[in-house]
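Mapped onto the numbering used here, the consecutive letters of the sequence shown carry residue numbers 2 to 807. Every residue gets a Cβ at the ideal spot worked out from N, C-alpha and C, and that includes glycine.
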Amino acid sequence: MNDQKKALASSTLPLLPLRDLVAYPSTVLTVDVGRERSVSAVERALEHEGRLFAVAQKNSRAEHPSEEDLYTVGCVVTVRQILRLPDGSVRLLLQGETRAALLRVWEDADLQLAECLDLPSVPVSDPLALRARMRAVKRMAANLGRQSTPKLSRELLDLISGERDADALADVVSANLLHSLEKRQALLEITDPLRRLDELAMDLGEEKKLNELEERIHERVRQAMDKANHDYYLREEIRVIQEELGEEEDEELVSLRKRLKESPISGEARERVEKEISKLARTSINAPESAMLENYIEFMLELPWGKKSEGTIDLRHARRVLEGDHYGMKEIKERLLEYLAVLKSRKALCAQTKDASAEVTPPESAQDVSLRSPILCLVGPPGVGKTSIARSVARALHREFAQMSLGGVNDESEIRGHRRTYIGALPGRILSAIRQCKSMNPVFLLDEVDKLSRSLHGDPASALLEVLDPEQNACFRDHYAEAPFDLSDVLFITTANSQDTIDRALLDRMEIIEVPSYTLEEKVQIAKRYLLPKQLKAHGLSKAQLRVNDRALKSLIDLYTREAGVRSLERMIAKICRKAVLRFQEQPDLEKIQLRAEDLSSFLDAPLYPRKPESEKSRVGRVNGLAWTSVGGEVMPVEALFLEGKGEIRITGKLGEVMKESAQLAVSAVRARLGQYKVDSDFFQKHDLHIHVPEGAVPKDGPSAGVALTCAILSAASGLPARADLAMTGEITLLGDVLPIGGVKEKLLAAYRAGIKTILLPRENERDLQKIDPEILRQMQLVLLDRLEDALPLVLSERREIRVAV
């Protein structure tokens, strides 16, 4: 019987979720509707008598509320007026009809529908008690309506006073005098008029107390403001009297004026600071702007106007510093020395032009000589020494060193500062770092310039253009300083892991210097000369207590680290030192530890990158590709598998669009060569192909996997195992030509670290082999490819003598 009654009383209406609003019967409500599903619900309602089910959201921030995000009781409303706005939203005038319970919600096309059940009020058994409660609510509502902000209109107060229906009275008062969404919703859910009026009376009493408390607070604030104005008036009187008597002004202001007079601050900045000091003198010490003015003046006076490090450029000293701080990196050191030599030459030429007469050299030429110096950008994987070599440049030049990390910076104000009109405004990090250095010509490192990001707060990369452009940075304007500051003497050095993600305009202003990955021998020497002594000292060990031979270091690098730099290597050495310290503490008779390659497992557990056994040398459908990422080169396995099917192709491994197109290209290249490997021509029509590139969670893209994809697919189709002791890279064309790729050095070093000594490489990349250590090339066999036919017989056959292209 109950189910039948429910079915008869329930109805299905378009759902309109309300944010911070509660719709009541007997009331009129204005609502702005902007969400697409809500607008669609309104359109559907207009097609069927204009009725909607309006219910409040529990969380107003929910953009697409589900049934759990909505209250269980709402109101059936009718659209009385609709105004369509230019942005696609609508403004509705809704008339509340009946209280209703929400039974369920479901999706219908682009809107939500709700099944709701009418909730009529419970009949009242005691009319006298009802009239008494109505009279009390009317009296409280009238008093509160005259005190509230804003006050209720005379018409609304008359409507409340003359209302004779208990339900309508409670709804109108709740809608206009209660501020809490929870309280309004609770009253909507009560169906007993007596209980509803009792709850409403309690809520009105609380609202009255809150109004009285708010009024007391406003009165205290008003009194405090009057006192502040009174104090300001008295202080101004004292200041005028002191001026008439010739007395000195505040000691702090005198100190600021003295510092300004002695400072070599530039003309426009001097005028700005003088103006702010005068404004500070006229401002009350209790005024909020007093602290802001004082902070600004202190910041401007603490900037190193005209102060420069006196160090000269000594190329011999610079070479000693670079060689002492870093092992290897011959190309980068030589390039930095060339850069310093050019700076020294320009400085000498600038001095000559200043001494020469104006007829011989115009002043503009001298300015060009002094300002136009390139900005270096060190690009390389993490851990290869980009930041530390910038510190070495500062030491070599006897200059201060400043550093700013740009990783994750998405606010232009981080570079240029905030305008002082905002509360809590701060200067940009560029000027803040120079202020901390106390020098106008530091070596300034802008770290991770490729990690800048754009947001609603502006584009920091665009703001950085003014900093790095030699044509503009002589008059760099920070929003906070509001005066030009000369950055032309600052030696800017930037670092990045990849130049592909650097803003193009920013990249155009920098000179790229690639910092390559370390080879195995370089890592051994770095560990012996720098990392091991550093960790021994950090752990309180002497060189005699712990000795690690070269063979142990090579095994440590080969089996426990797989990186372009040496950070993981340093962590492993630190772990060995900790184990050694523990052994010395537990075994007092132990005098020294001689660490050999065989002992590594007792210090570091099992190898993280064990060498592959011989049984894994050849597998059908799996080849070794080579990838180049922002953290260095990597060996990238490529797998292909055929299953019985209808010719569908599935590609997994989080591949980008370019790599997916390379896979389609590889499929066509294999289909054109099926006959050469005794595979039926209709093989692809009878089988589904699945291509996978581990690791599945790492994004991959680029055209250089064309050769590897083709070899993996052909191996899977022909059943011939692909050799696992070689790796390959190269882009292919539809006709089978092999095109050059990038990142050759990083890819070869990755294969070298993985123990793969045979590499298939496009012939046009032969020129890139000059950048690789000859010692590494002597240990590797390189096959130069012109066409796919040069690679397929080598990958799909047993080991044989191959030509070496070195």
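| said: Please report the straight-line C-alpha distance between L537 and D590, rounded to a whole angstrom. | reply: Position 536 of the sequence shown holds residue 537. Position 589 of the sequence shown holds residue 590. L537 and D590 have their C-alpha atoms spaced approximately 20 Å apart.
| query | Considering only residues of the same chain and omitting the five flanking positions on each side of L508, which have a CB-CB separation below 7 Å? | reply | Position 507 of the sequence shown, counted from the first residue, corresponds to residue 508. Apart from the 5 residues on each side of it in sequence, L508 sits with its Cβ closer than 7 Å to the Cβ of Q500 in its chain, given in chain order.
| message | Between the stretch 753 to 767 and the stretch 693 to 703, can you find at least three pairs of beta-carbon atoms closer than 8 Å? | response | When C-beta atoms of the stretch 693 to 703 are compared with those of the stretch 753 to 767, fewer than three pairs fall below 8 Å, so the two segments do not count as touching.
| message | Using only the alpha-carbon positions, how far apart do C117 and V78 sit? | response | Sequence index remark: in the sequence shown, residue 117 carries index 116 (1-based). Sequence index remark: in the sequence shown, residue 78 carries index 77 (1-based). Rounded to whole angstroms, C117 to V78 spans 12 Å at the Cα level.
| task | Going by CA-CA distance only, name the one from N474, A506, L762, M141 that's closest to S883. | result | Because residue 883 is not part of the residues shown, which for the chain are 2 to 807, the question remains open.
| request: Report the three-state DSSP secondary structure of E732 (helix, strand or coil). | output: Here the question's residue 732 lines up with position 731 in the sequence shown. DSSP places E732 in strand when its eight states are reduced to three.
| field | A359, DSSP secondary structure in three states | value | One-based indexing of the sequence shown puts residue 359 at position 358. For A359, the predicted structure reports a pLDDT of 43, less than 50, and the residue's modelled location is therefore unreliable. A value from the coordinates is still provided. DSSP places A359 in coil when its eight states are reduced to three.
| message | DSSP three-state label for K679, please. | response | Translated into the one-based positions of the sequence shown, residue 679 becomes position 678. Three-state result, K679: coil.
| Per DSSP, what kind of secondary structure is L372 in: helix, strand or coil? | Counting from 1 along the sequence shown, the entry for residue 372 is found at position 371. Low local confidence applies: a pLDDT of 41 at L372 is under 50, so the model's placement there is unreliable, with the coordinate-based value given in what follows. If DSSP states are grouped into helix, strand and coil, L372 belongs with the helices.
| said: Which residue wins for smallest C-alpha separation from A434, given the options E467, F493, Q546, L466? | reply: Within the sequence shown, the letter at position 433 stands for residue 434. Comparing Cα-Cα distances from A434 to each of E467, F493, Q546, L466, the minimum goes to F493.
| request: Ignore the nearest five residues each way along the sequence and tell me which others in D70's own chain have a CB closer than 7 Å to its CB. | output: Start at 1 with the first residue of the sequence shown, and residue 70 comes out as number 69. Excluding residues within five positions, the ones whose Cβ falls inside 7 Å are Q58, K59, N60, A63.
| query | First and last residue of the beta strand (DSSP E) that includes R92? | reply | One-based indexing of the sequence shown puts residue 92 at position 91. Its beta strand (DSSP E) spans residues 91 to 109.
| said: Would V636 and D702 be called neighbours here (beta carbons separated by less than 9 Å)? | reply: Along the sequence shown, one-based indexing puts residue 636 at 635. Along the sequence shown, one-based indexing puts residue 702 at 701. For V636 and D702, no; Cβs fall outside 9 Å.
| message | Cutting at 7 Å between CB atoms, please list the residues of its own chain near L104, excluding the five before and the five after it. | response | Position 103 of the sequence shown, counted from the start, is the residue given in the question as residue 104. Its chain contains S11, E116, C117, L118 as the residues whose beta carbon lies nearer than 7 Å to that of L104, once the 5 sequence neighbours on both sides are disregarded; these appear in chain order.
| query | Do the stretch 186 to 196 and the stretch 150 to 164 touch if we need at least three Cβ pairs shorter than 8 Å? | reply | Using a C-beta cut-off of 8 Å, the stretch 186 to 196 makes no contact with the stretch 150 to 164, since fewer than three inter-stretch Cβ pairs fall below that distance.
| said: Please report the distance separating the alpha-carbon of S716 from that of Y678. | reply: Here the question's residue 716 lines up with position 715 in the sequence shown. Here the question's residue 678 lines up with position 677 in the sequence shown. In this model, S716 and Y678 are separated by some 10 Å (Cα to Cα).
| query | Rounded to the nearest angstrom, how far is the Cβ of L554 from that of P611, given a contact under 8 Å? | reply | For this step, residue 554 is matched to residue 553 along the sequence shown. For this step, residue 611 is matched to residue 610 along the sequence shown. Taking the Cβ atoms as the reference, L554 lies roughly 18 Å from P611, outside the contact range of under 8 Å.
| the stretch 480 to 494 touching the stretch 418 to 434, judged by at least three CB pairs closer than 8 Å | Yes, the stretch 480 to 494 touches the stretch 418 to 434.
| message | Taking the beta carbon of M203 as the centre, do at least 16 other beta carbons fall within 10 Å, making it buried, or is it exposed? | response | If you number the sequence shown from 1, residue 203 lands on position 202. With fewer than 16 other Cβ atoms within 10 Å, it is exposed.
| said: Going by DSSP in three states, H399 sits in which element: helix, strand or coil? | reply: Reading the sequence shown from its first residue, position 398 is the one you call residue 399. H399 carries a coil assignment under DSSP once its states are collapsed to helix, strand and coil.
| Is it the case that the Cβ atoms of E164 and K139 are separated by a distance below 9 Å? | One-based indexing of the sequence shown puts residue 164 at position 163. One-based indexing of the sequence shown puts residue 139 at position 138. Yes.
| Looking at the structure shown, is H49 part of a helix, part of a strand, or coil, going by DSSP? | One-based indexing of the sequence shown puts residue 49 at position 48. DSSP places H49 outside both helix and strand once states are collapsed to three, so it counts as coil.
| So is R217 in contact with chain C if we call contact Cβ pairs under 9 Å? | Considering every chain present, this structure includes no chain C. It has just one protein chain.
| task | Taking 9 Å as the cut-off, decide whether the C-beta atoms of T730 and L627 are in contact. | result | Along the sequence shown, read from residue 1 onward, the residue named residue 730 stands at position 729. Along the sequence shown, read from residue 1 onward, the residue named residue 627 stands at position 626. With respect to the 9 Å criterion, T730 and L627 are classified as neighbours on the basis of their beta carbons.
| Between the C-alpha atoms of P364 and T313, what's the straight-line distance to the nearest angstrom? | Against the sequence shown, residue 364 aligns to sequence position 363. Against the sequence shown, residue 313 aligns to sequence position 312. With a pLDDT of 39 at P364, under the threshold of 50, the modelled position of this residue cannot be trusted, and the question is left open.
| request: Would you mind reading off the limits of the alpha helix (DSSP H) that contains V174? | output: As a first step, residue 174 must be located in the sequence shown, where it is residue number 173. Bounds of the alpha helix (DSSP H) holding V174 are 167 to 178.
| said: Can you tell me whether N212 is helix, strand or coil according to DSSP? | reply: Taking the first residue of the sequence shown as position 1, residue 212 is located at position 211. It is helical.
| Would you call L316 buried or exposed, if buried means 16 or more other Cβ atoms sit within 10 Å of its Cβ? | Taking the sequence shown and counting its residues from 1, one reaches residue 316 at position 315. Exposed, by the Cβ-count rule.
| field | Span separating the alpha-carbon of Q771 from that of E515 | value | Residue mapping note: residue 771 aligns to position 770 of the sequence shown, counting from 1. Residue mapping note: residue 515 aligns to position 514 of the sequence shown, counting from 1. When rounded, the distance between both Cα atoms is 14 Å.
| task | Report back the beta-carbon spacing between V444 and R400 to the nearest angstrom; my notes put them in contact at under 8 Å. | result | Mapped onto the sequence shown, residue 444 falls at position 443. Mapped onto the sequence shown, residue 400 falls at position 399. Contact between V444 and R400 holds, since their C-beta atoms are separated by about 5 Å, short of 8 Å.
| message | Tell me which residues share the same chain as R505 and place their Cβ nearer than 6 Å to its Cβ, disregarding the 5 neighbours each side in the sequence. | response | Taking the sequence shown and counting its residues from 1, one reaches residue 505 at position 504. So no residue of the chain qualifies.
| said: One question on the structure: do V624 and A723 come within less than 9 Å of each other, judged by their Cβ atoms? | reply: Numbered from its first residue, the sequence shown carries residue 624 at position 623. Numbered from its first residue, the sequence shown carries residue 723 at position 722. Against a cut-off of 9 Å, the Cβ pair of A723 and V624 comes out as a contact.
| query | Whose CA, out of A709, K593, R579, A581, lies closest to the CA of E640? | reply | Residue numbering aside, residue 640 sits at position 639 when the sequence shown is read from its first letter. Closest option to E640, Cα to Cα, is A709.
| Of the choices V123, R100, V34, S463, whose alpha-carbon is the least far from that of D88? | Residue mapping note: residue 88 aligns to position 87 of the sequence shown, counting from 1. Considering only alpha carbons, the answer is V34.
| query | Does DSSP put T562 in a helix, in a strand, or in coil? | reply | For this step, residue 562 is matched to residue 561 along the sequence shown. Per DSSP, reduced to three states, the secondary structure at T562 is coil, with no helix or strand assignment.
| query | What three-state label does DSSP hand K701 in the structure shown? | reply | Position 700 of the sequence shown, counted from the start, is the residue given in the question as residue 701. K701: strand per DSSP, three-state reduction.
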